[in-house]
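Line by line, the protein sequences are chains W and F.
164 is the number of the first residue of the first sequence in the numbering used here; add one for each residue after it.
164 is the number of the first residue of the second sequence in the numbering used here; add one for each residue after it.
Encoded as structure tokens, the structure appears first; notes follow it.
2 protein chains.
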Amino acid sequence: MYGQEVDKRERLIESTRELLWERGYVGTSPKAIQERSGAGQGSMYHHFQGKSDLALAAIGRSAEDLRARAEAEFSGPGTVVERITVYLRRERDVLKGCPVGRLAQDPDVMADADLRKPVEEFFGWLTGRLAELLDEGRAAGDLDAKLDPLATATVLVAVLQGGYILARAAGSPDVFAKAVDGALGLLATKEN
Amino acid sequence: MYGQEVDKRERLIESTRELLWERGYVGTSPKAIQERSGAGQGSMYHHFQGKSDLALAAIGRSAEDLRARAEAEFSGPGTVVERITVYLRRERDVLKGCPVGRLAQDPDVMADADLRKPVEEFFGWLTGRLAELLDEGRAAGDLDAKLDPLATATVLVAVLQGGYILARAAGSPDVFAKAVDGALGLLATKEN
DNA sequence: GTCTATACGGGGATAGAC
DNA sequence: GTCTATCCCCGTATAGAC
Chain W
164 MYGQEVDKRE RLIESTRELL WERGYVGTSP KAIQERSGAG QGSMYHHFQG KSDLALAAIG
224 RSAEDLRARA EAEFSGPGTV VERITVYLRR ERDVLKGCPV GRLAQDPDVM ADADLRKPVE
284 EFFGWLTGRL AELLDEGRAA GDLDAKLDPL ATATVLVAVL QGGYILARAA GSPDVFAKAV
344 DGALGLLATK EN
Chain F
164 MYGQEVDKRE RLIESTRELL WERGYVGTSP KAIQERSGAG QGSMYHHFQG KSDLALAAIG
224 RSAEDLRARA EAEFSGPGTV VERITVYLRR ERDVLKGCPV GRLAQDPDVM ADADLRKPVE
284 EFFGWLTGRL AELLDEGRAA GDLDAKLDPL ATATVLVAVL QGGYILARAA GSPDVFAKAV
344 DGALGLLATK EN
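And the structure:
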């Protein structure tokens, strides 16, 4: 269906994902995308209608990636608390931040319903999924019975997103780890 | 020292603060600043050396504002937990996000040591101050003796910053409130 | 499919008049 | 102090050749 040399369409999407991660939507130009992907103007406008169309493909793929990786950890072995810990402590490019979360700060992404949708859906899914797990853990007696699953799930997601911000502000990934440790410490009421 | 008509220098700074809040540094142009402030090219380049110089003044003022407001709440009446609750639950423009935190996502701000400094200092101060309070509350017996003050302070700041992101992603301030409630719920171990 | 040429307004800043 | 004129490169996109 597409050309031979490693597929320019593919490279355009991947380069856009990188740039959106590094510089956000507002800070990413078609020219920069072309340079990084090795594709020219014509190629980009042949495969995509324009910047926003290409960004849509890139964002959708990034969101799906994050979802799939999280789901693999959530449905892995171990108790609920263990699986959540694996997810929270997974190795991350902390100083680069969250490739999807950073888009929530971008005015032009939030102003466009199509671009915004995958961002909204990803966080909706993630929070809901964590709430299910927490509820399960509560039923199994691994977590405090008084714990509110949805509110706590929201805390966990917020701690990750906020942890990225604090780490970037400090210029060090340690702050991110501190936030995760603190959150896990607060969760571990049961062992008190 | 300056002209009469409400001080263009002042209006330039305030307009820049607004635009940085709404669109970030990368998304804010000198032209937009001039239009919003009612000042012309000449006026802007007379008072400031350029975009980054003006942004420095704007960011410094925003950071100092946040610091002063937080300190007023931290040193107010009530127990430590009450004061922290007042701070966390203060009315906020949730969907606009944190005027200082959003800059941590901006590549051009983080790449410039001068612009980055006030951001780093603000979060350093905030986390440290909250850690002091938590330590005090632990000593007073209002908080679990096993609680780690610094890690927990980091969690609280991260929950706010992450809460803003989740609220923007969802298009609703409710998620922010949910995160704050969840965090306060986890803190309230003592009443178990 | 991909390239080059071209277009037009905007970003960021300087020059010099008032 | 503030304004207008001007500069140059970039952002975003279209046209048309190969």
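Just so you know, even glycine gets a beta-carbon here, dropped at the ideal spot from N, CA and C.
Look at the segment 294 to 323 of chain F: the residues with a C-beta under 9 Å from a C-beta of chain W are 307, 309, 310, 311, 313, 314, 315, 316, 317, 318, 319, 320, 321, 322, 323. Inter-segment contact for the segment 214 to 234 of chain F and the segment 274 to 286 of chain F is present: three or more beta-carbon pairs are separated by less than 8 Å. Pairing residue 172 (chain W) with residue 214 (chain W), the inter-Cα distance amounts to about 13 Å.
Separation of the CB atoms of residue 349 (chain W) and residue 243 (chain F) is rounded to 16 Å, and the pair is thereby denied contact status at 8 Å. Contact of residue 265 (chain W) with chain F is assigned, a C-beta pair being separated by under 8 Å. Taking 8 Å as the upper bound for CB-CB distance, residue 188 (chain W) and residue 231 (chain W) are not in contact here, some 23 Å apart. Contacts with chain F at 8 Å (Cβ-Cβ) do not include residue 196 (chain W). Taking a beta-carbon distance threshold of 8 Å, residue 185 (chain F) counts as an interface residue toward chain W. Taking 8 Å as the cut-off, the beta carbon of residue 182 (chain F) is found no closer than this to the beta carbon of residue 210 (chain F). Shown here for residue 320 (chain F): same chain residues with a beta carbon closer than 8 Å to its own, the five before and five after excluded, namely 286, 289, 290, 293 in chain order.
Annotation for residue 290 (chain W): the continuous alpha helix (DSSP H) segment containing it runs 276 to 302.
DSSP places residue 250 (chain W) inside the alpha helix (DSSP H), whose first and last residues are 243 to 252.
Excluding five sequence positions before and after residue 249 (chain F), the CB atoms of its chain that fall closer than 6 Å to its own CB belong to 236, given in chain order.
When Cβ pairs closer than 8 Å are counted between the two stretches, the segment 251 to 261 of chain W is seen not to touch the segment 296 to 316 of chain W, the count staying below three. Between residue 338 (chain F) and residue 322 (chain F), the CB-CB gap reaches or exceeds 8 Å.
With respect to the C-alpha of residue 276 (chain W), the residue from F:327, F:333, F:222 having the closest C-alpha is F:333. For the pair residue 263 (chain W) and residue 327 (chain F), the Cα-to-Cα distance works out to about 14 Å. When secondary structure is reduced to three states using DSSP, residue 268 (chain W) falls in the helix class. With its beta carbon less than 8 Å from one in chain W, residue 344 (chain F) belongs to the interface.
Cβ-Cβ distances below 7 Å link residue 347 (chain F) to 248, 251 in the same chain, with the five nearest sequence neighbours on each side left out; the list follows chain order. Residue 341 (chain W) counts as buried, since at least 16 other C-beta atoms from the protein chains shown sit within 10 angstroms of its C-beta. Burial is judged here by how many other beta carbons sit within 10 angstroms of a residue's own beta carbon; residue 303 (chain F) has fewer than 16 and is exposed.
DSSP places residue 320 (chain F) inside the alpha helix (DSSP H), whose first and last residues are 312 to 333.
Among the CB atoms of chain F, one or more fall inside 8 Å of the CB of residue 333 (chain W).
Comparing alpha-carbon positions, the option among W:169, W:197, W:300, W:325 lying closest to residue 241 (chain W) turns out to be W:300. Inclusion of residue 190 (chain F) and residue 270 (chain W) in the CB contact set at 8 Å is warranted, their separation being smaller than that value.
A straight-line Cα-Cα distance of about 14 Å links residue 260 (chain F) and residue 329 (chain W). When DSSP states are grouped into helix, strand and coil, residue 336 (chain F) belongs to the coil group.
Chain F places a beta carbon closer than 8 Å to that of residue 341 (chain W), counting this residue as a contact.
Unbroken alpha helix (DSSP H) runs of no fewer than 4 residues, entirely contained in the segment 177 to 242 of chain W, are found at 193 to 200, 204 to 210, 214 to 237, following chain order. Straight-line measurement puts the Cα of residue 316 (chain F) at about 33 Å from the Cα of residue 274 (chain W). Residue 172 (chain F) sits in a helix when the DSSP states are folded into three classes. Taking each of F:178, F:206, F:201, F:306 in turn and checking the Cα distance to residue 220 (chain F), the smallest one comes out for F:178.
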